[in-house]
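One structure is given here, and the rest of the page talks about it.
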Amino acid sequence: MNFNVKRVLAVIRKEFYQIKRDKRTIAIILLMPIMELLLFGYAASTSVDHISTVVFNNDMGRESQELLDGFTNSQYFDIDYIAYSMDDVHHYIDDGYSKAGIVIPPEFSENIKSGKTAQIQLVVDGSDPTSAQTILSSAGGVAQAMSVEIIGDNAIKTMPQPLDLRSRVWYNPDMSSINFNVPGLIGVILQTVTLMLTSFSIVREREKGTMEQLIVTPISKMELMVGKIIPYVIIGFIDIILALALSVFWFKVPVAGSIGLLLFFSVIFLFSALGVGLLISTISKSQLQAMQLSMFMIMPNILLSGYMFPREAMPKVIQTISNIFPLTYFIKVLRGIILKGNGFSSLKNEFIILVIFGIAVLAMATFKFKKKIY
Amino acid sequence: MEYAIEIENFTKKFGKFTAVNDVSFKVKKGEVFGFLGPNGSGKTTVIRMLMGLISPTYGKGKVAGFDISKDGDRIREKIGYMSQKFSLYEDLTVEENLDFYGGVYGLSKKLLEKKKKEILKMADLEGREKTITSNLSGGWKQRLALGCSIIHDPEILFLDEPTGGVDPLARRKFWDLIYKLSQNGVTILVTTHYMDEAEHCNTIGFIYYGNLLTLDTPNNMKKYVIDGHIKVKPSLEDVFVFIVNKEGTI
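So, in structure tokens, the structure goes:
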């Protein structure tokens, strides 16, 4: 096969001219990463705090007030509403004003002072399991803290606990969901942008008739494919830098590992992602079909790659399916480098799989591309 | 090599539909060969088979001395093609289009600059190098498309309905360019359904429902009709209508 760099350069230059003049493409390249990162970064935050809470306090003692201060100080609860009856509590939760209700019985302060067990009732809106979980665990924390305070340190010293579990959370000690979400999000953005851009690149030329003109020139399949890919590798690289900068400087996500290694893996991943886009573009009959096919690809990628839900929780079949997405491996790499500070040796397998996938899918796209019009 | 194009028993079937049926002809070097026929008669299909855009169902073909089924790559270096849609990149400027095709044909920088100058002059596009192609009017677009297809000095030029949607003055200008190319030794195969354009060709082939009905010079073709029927000074259009009627519905 003949390979003439001049031809490849001509295609690359042409692609850049076209990208430069197309406002929609520029918007996808520059705005989409920023918008997706901001939207998902904030909206998809699974850390729940400042939960709107309604309080029905039948006890007017100092102790109940201390308890409520404890709730407020935890930052998890905002006491926004005061109820004067159980019906009131129901009303606030039913109508969605509050997600949690705290009911304090009349003898609360009395019981504490006399050393009896004092009861409080916590009502939780369980329709959203994520926030319900947070409410339950943080309320438990508040109650325990208060108990310890009441009993006093002395009591604990005299009565040693039979089990003492000390937990350490590694890599993301605050368990901040932004730190966890953003690395995955970078992968999703890179996948979406490159797929959207390349899935049109061949089929558009077919629709406009310029492909017919190109086919009668001596350009080879390989030259055309390389010329089509390189501009988008460069653009993908710009996007990853943009997304990384936003993550580090705006979301303050600390990068534990090497940025150089991260960029290296990004380029490897880009070839796979672009290959998939080109393959779609090659087998599609129209731009509309290409768009539908890429949408069809993007959804499972987002849902199954481990970005949204832990893959460990998926049924075996789905896990197997998710193994064929390059994004699955890239997200592992991103989280590994950003959160855990992994070096290359921990990511060898992902490297091998991504390289094999990239070569395979690019070869397939080139093979499927026919220098014919029917 | 005496002939620029030779085809034997060219046939193309799309499913049960026969688009081109057993067509054979030869085109001499330096000739302007006109392919005449109504829309959908199979002209474009023949051209596309010659350039390797589609494969014939059967039949053999040689372009510039190379077998179309084996030497597609060699052929592509020797031919230029201008499709009915003027397949230019509409979002590129005039100069960027020329640069692109020059690059794709692997022209050296020096040669490209020289060819660009020539083509801009020929197409009357001097001073419009920076114009976005979609803003050009029909005649200019047409001449730019021609320019892009001859940037590598092809031996054979395929023109598929090159004058569609262009005003008469631009059509005249265009044919002047075609003559000039022909005088320089370029073989030209042009399809059209404009009878007056067919008059300009050295040889005409009438194609109708995929069948090549006659093949002759414009003048001989008129004689042929005169000999058989009473008609003084027929136009090519008369001849065409006559032949179609005689062959009946195929």
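The listed protein sequences correspond, in order, to chains A and B. Taking our numbering, the leading residue of the first sequence gets 40, the next gets one more, and so forth. Taking our numbering, the leading residue of the second sequence gets 37, the next gets one more, and so forth. Each residue gets a CB set at the ideal place from its N, CA and C atoms; glycine is no exception.
Quiz item: Going along the chain, which residues of the region 88-102 of chain B sit with their C-beta nearer than 8 Å to a C-beta in chain A?
Solution: G88, L89, I90, S91
Quiz prompt | Integer-rounded CB distance, given that A:F396 should sit under 8 Å from A:P365 | solution = Counting from one through the first sequence, the residue named residue 365 of chain A turns up at place 326. Counting from one through the first sequence, the residue named residue 396 of chain A turns up at place 357. The Cβ separation is near 5 Å, so the contact holds.
Quiz item: Applying the criterion that 16 or more other CB atoms from any shown protein chain within 10 Å of the CB defines a buried residue, is A:Y346 buried or exposed?
Solution: Here the question's residue 346 of chain A lines up with position 307 in the first sequence. Result: buried.
Exercise. Express the C-alpha separation of B:V82 and B:G95 in angstroms, rounding to a whole number.
Key: Numbered from 1 along the second sequence, position 59 holds the residue referred to as residue 95 of chain B. Numbered from 1 along the second sequence, position 46 holds the residue referred to as residue 82 of chain B. Rounded to the nearest angstrom, the two C-alpha atoms are 11 Å apart.
Quiz prompt | Residue-chain proximity (B:F46, chain A), Cβ-Cβ < 7 Å | solution = On the second sequence, residue 46 of chain B is found 10 positions in, with the first residue counted as 1. Judged by the 7 Å Cβ criterion, B:F46 is not in contact with chain A.
Self-check item: Separation of B:S105 from B:I286, as counted between CA atoms
Solution: Taking the first residue of the second sequence as 1, we reach residue 286 of chain B at position 250. Taking the first residue of the second sequence as 1, we reach residue 105 of chain B at position 69. Bear in mind that the predicted position of B:I286 carries a pLDDT of just 48, short of 50, making it too unreliable to give a figure here.
Quiz item: From A:Q328 to A:I376, what does the alpha carbon distance come to, in whole angstroms?
Solution: Indexing the first sequence from 1 puts residue 328 of chain A at position 289. Indexing the first sequence from 1 puts residue 376 of chain A at position 337. Roughly 37 Å between the two C-alpha positions.
Quiz item: Which residue from A:I370, A:G179, A:P144, A:G135 puts its Cα closest to that of A:G165?
Solution: Counting from 1 along the first sequence, the entry for residue 165 of chain A is found at position 126. The candidate whose alpha carbon is nearest that of A:G165 is A:G135.
Quiz prompt | is_contact[A:G49, chain B] using C-beta, thresh 7 Å | solution = Position 10 of the first sequence, counted from the first residue, corresponds to residue 49 of chain A. Reading off the sequence shown, one finds Ala at residue 49 of chain A, where the question assumed Gly. A:A49 counts as touching chain B.
Quiz item: Under a three-way DSSP split, which group does A:A157 fall into?
Solution: Within the first sequence, numbered from 1, the residue matching residue 157 of chain A stands at position 118. Coil at A:A157, not helix or strand.
Practice problem: Closer than 8 Å by beta-carbon distance: list the chain A residues that pair up with B:V140, in chain order. | Solution: Taking the first residue of the second sequence as 1, we reach residue 140 of chain B at position 104. Neighbours of B:V140 on chain A, chain order: R46, A49, V50, L253, T256, P257, I258.
Quiz item: Hey, is A:Y131's beta-carbon within less than 7 Å of any beta-carbon in chain B?
Solution: Residue 131 of chain A sits at position 92 when you count from the first residue of the first sequence. False, the Cβ-Cβ gap to chain B never drops below 7 Å.
Quiz item: Which full runs of the alpha helix (DSSP H) of 4+ residues lie inside the region 51-138 of chain B, going along the chain?
Solution: 79-86, 108-114
Self-check item: Pairwise C-alpha distance: A:I225 and B:L180
Solution: Along the second sequence, read from residue 1 onward, the residue named residue 180 of chain B stands at position 144. Along the first sequence, read from residue 1 onward, the residue named residue 225 of chain A stands at position 186. Near 44 Å, if we compare the C-alpha coordinates of A:I225 and B:L180.
Practice problem: Can you tell me which of A:H89, A:L386, A:F42, A:T233 puts its alpha carbon nearest to the alpha carbon of A:S170? | Solution: For the purposes of this step, residue 170 of chain A is identified with residue 131 of the first sequence, where counting begins at 1. Nearest of A:H89, A:L386, A:F42, A:T233 to A:S170, Cα basis: A:H89.
Practice problem: Compare the C-beta of B:S60 with all C-beta atoms of chain A and state if any pair is closer than 7 Å. | Solution: Here residue 60 of chain B is taken as the residue at index 24 of the second sequence, counted from 1. By this cut-off, B:S60 is not an interface position.
Exercise. Would you tell me roughly how many angstroms separate the C-alpha atoms of A:Q331 and A:T249, rounded to the nearest one?
Key: Start at 1 with the first residue of the first sequence, and residue 331 of chain A comes out as number 292. Start at 1 with the first residue of the first sequence, and residue 249 of chain A comes out as number 210. Those two C-alpha atoms are separated by around 23 Å.
Quiz item: Measuring CB to CB, does B:F69 end up less than 7 Å from B:L225?
Solution: Position 33 of the second sequence, counting from 1, holds the residue named residue 69 of chain B. Position 189 of the second sequence, counting from 1, holds the residue named residue 225 of chain B. Taking 7 Å as the Cβ cut-off, B:F69 and B:L225 qualify as a contacting pair.
Quiz prompt | Pair within 7 Å by beta-carbon distance, A:I143 and A:N218 | solution = By 1-based counting over the first sequence, the position of residue 143 of chain A is 104. By 1-based counting over the first sequence, the position of residue 218 of chain A is 179. Contact: no.
Quiz item: Looking at C-beta atoms only, is the number of pairs between the region 123-135 of chain B and the region 256-264 of chain A that lie closer than 8 Å three or more?
Solution: no
Self-check item: Between the CA atoms of A:F79 and A:K53 - distance to the nearest angstrom
Solution: In the first sequence, residue 53 of chain A corresponds to position 14, counting from 1. In the first sequence, residue 79 of chain A corresponds to position 40, counting from 1. Near 34 Å, if we compare the C-alpha coordinates of A:F79 and A:K53.
Exercise. Verify the CB distance criterion: does B:F69 have a CB-CB separation below 7 Å to chain A?
Key: By one-based count along the second sequence, residue 69 of chain B stands at place 33. No, its Cβ sits nowhere closer than 7 Å to a Cβ of chain A.
Practice problem: Would you decide whether A:A178 is buried or exposed? Buried here means 16 or more other CB atoms lie within 10 Å of its CB. | Solution: Here residue 178 of chain A corresponds to residue number 139 of the first sequence, with the count starting at 1. It counts as buried.
Quiz item: Taking contact to mean at least 3 C-beta pairs separated by less than 8 Å, is the region 62-80 of chain B in contact with the region 238-251 of chain B?
Solution: yes
Exercise. Quick one: list the residues of chain B neighbouring A:T249, beta-carbon separation under 7 Å, in chain order.
Key: If you number the first sequence from 1, residue 249 of chain A lands on position 210. Chain B residues near A:T249: S123, Y125.
Practice problem: Spell out whether any CB of chain A is found under 7 Å from the CB atom of B:F210. | Solution: Locating residue 210 of chain B in the second sequence gives position 174, where the first residue counts as 1. With 7 Å as the cut-off, B:F210 does not count as an interface residue toward chain A.
Quiz prompt | CA-to-CA distance, A:L378 to A:S361, given in whole angstroms | solution = Working through the first sequence from its first residue, we reach residue 361 of chain A at position 322. Working through the first sequence from its first residue, we reach residue 378 of chain A at position 339. Near 22 Å, if we compare the C-alpha coordinates of A:L378 and A:S361.
Quiz item: Is the beta carbon of B:E67 less than 7 Å from the beta carbon of B:N255?
Solution: Against the second sequence, residue 67 of chain B aligns to sequence position 31. Against the second sequence, residue 255 of chain B aligns to sequence position 219. No, Cβ-Cβ distance for B:E67 and B:N255 is not below 7 Å.
Quiz item: Quick one: what's B:D252 bridged to in DSSP?
Solution: Indexing the second sequence from 1 puts residue 252 of chain B at position 216. Bridge partners of B:D252: B:I240.
Practice problem: Return the residue from the list A:I298, A:S311, A:K267, A:S325 that minimises the CA-CA distance to A:L48. | Solution: Reading the first sequence from its first residue, position 9 is the one you call residue 48 of chain A. Selected option, being the one with the closest Cα: A:K267.
Quiz prompt | Rounded C-alpha distance that separates A:V187 from A:G299 | solution = The residue given as residue 187 of chain A occupies position 148 in the first sequence. The residue given as residue 299 of chain A occupies position 260 in the first sequence. Looking at the two C-alpha atoms, the distance is approximately 49 Å.
Self-check item: Runs of beta strand (DSSP E) wholly within the region 67-130 of chain A (minimum 3 residues, chain order)
Solution: 90-96, 116-121
Quiz item: Closest to B:Q178 by CA distance: which of B:P190, B:K166, B:D160 is it?
Solution: As a first step, residue 178 of chain B is located in the second sequence; it is residue number 142 there, counting from the start. Nearest option by C-alpha distance: B:D160.
Quiz item: If the cut is a Cβ gap below 9 Å, which residues of chain B does A:R60 touch?
Solution: Numbered from its first residue, the first sequence carries residue 60 of chain A at position 21. Neighbours of A:R60 on chain B, chain order: D127, L128, I168.
Quiz prompt | Listed by chain order, chain B residues near A:K409 by CB distance under 9 Å | solution = The residue you call residue 409 of chain A lines up with position 370 of the first sequence. Ordered by position in chain B, no residue passes the 9 Å Cβ test against A:K409, which lies about 10 Å from the chain.
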